[in-house]
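So the structure is just underneath, and the comments pick up after that.
In the numbering used here, the protein residues as written are 2 to 251.
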């Protein structure tokens with residue numbers, strides 16, 4: 002995540018540089034450089050922290066300061082780790098953790114690395130863990146509910162009432178209509194929650210979410226790595242919007 006950039010174009014340029022440098026680092030280590038569904042690299046690593054260390058190295062190699070000019074955002078999708086008895090099975094460690102263990106893990110990880118955003122760090126119905134994480138981390142880390150809220154206004158109202166999360170991921174085709182999308186964004190903004198316009202895993206080159214991100218003033222968009230046409234289409238649209246807004250008669 003680029004920090005303190007004067008324009009979207011400058012922020013995107015940083016992300017592209019870091020992505021390219023990360024690819025070269027993987028090659029130098031003999032790791033696979035193939036990309037996944039959302040354009041990100043998908044090497045086989047021993048643990049989660051190896052991935053974070055590689056990204057930090059790429060940031061530093063680009064002459065950028067982690068935590069000051071670039072930060073990290075994680076999509077944990079922790080609901081996929083949950084077992085039937087309410088424990089969490091971390092995929093790399095292949096180790097069961099209680100909700101309390103997982104809370105301590107996130108607190109430790111965010112203290113060690115410049116992580117400013119965590120998406121779905123708990124299961125979608127694990128309200129006690131969401132509340133605990135929000136109390137412990139909510140003042141310094143963006144805690145994003147994706148599976149927690151599924152862009153639904155009713156689910157967001159539950160989260161607001163329970164003090165769970167402090168931001169919501171917005172997927173227009175998840176809720177179904179533009180009207181419902183805007184209602185959820187408006188509710189989040191009125192109550193002080195962040196709102197992030199987002200792509201889907203099975204994405205097309207449609208750029209509507211780029212326009213929505215600007216129109217709603219969300220300030221954030223999640224649309225994958227600067228790789229693959231269905232991802233870069235959104236970034237190119239945002240560049241065109243920036244150029245249009247910079248015109249004297251805009």
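Built from N, CA and C at the ideal position, the CB exists for glycine as well.
Return yes when the Cβ of residue j is within less than 8 Å of the Cβ of residue i, no when it is not.
i, j, result
"residue 19", "residue 60", "yes"
"residue 23", "residue 42", "yes"
"residue 138", "residue 103", "no"
"residue 36", "residue 245", "no"
"residue 135", "residue 167", "yes"
"residue 118", "residue 151", "no"
"residue 189", "residue 169", "yes"
"residue 80", "residue 148", "yes"
"residue 49", "residue 76", "no"
"residue 114", "residue 73", "yes"
"residue 171", "residue 180", "no"
Using alpha carbons as the reference points, say which of the options lies closest to residue i.
i, options, result
"residue 174", "95, 208 and 164", "208"
"residue 201", "85, 237, 232 and 214", "232"
"residue 140", "148, 164 and 78", "164"
"residue 99", "179, 149 and 89", "89"
"residue 161", "172, 2, 92 and 191", "191"
"residue 1", "126, 108 and 177", "Lying before the first or after the last residue shown, residue 1 is absent from the chain, which here runs from 2 to 251."
With DSSP as the reference, label residue i as helix, strand or coil.
i, result
"residue 132", "helix"
"residue 30", "coil"
"residue 146", "strand"
"residue 74", "strand"
"residue 109", "helix"
"residue 223", "strand"
"residue 242", "helix"
"residue 60", "helix"
"residue 168", "strand"
Within a Cβ cutoff of 6 Å, which residues of the same chain sit near residue i, ignoring the five residues on either side of it in sequence?
i, result
"residue 46", "52"
"residue 6", "12"
"residue 213", "198"
Spatial neighbours of residue i within its chain, please: C-beta separation below 7 Å, excluding the five flanking residues on both sides.
i, result
"residue 243", "8, 9 and 10"
Considering only DSSP beta bridges, list what residue i is partnered with.
i, result
"residue 89", "83 and 98"
"residue 202", "Bridge partners of residue 202: none, in fact."
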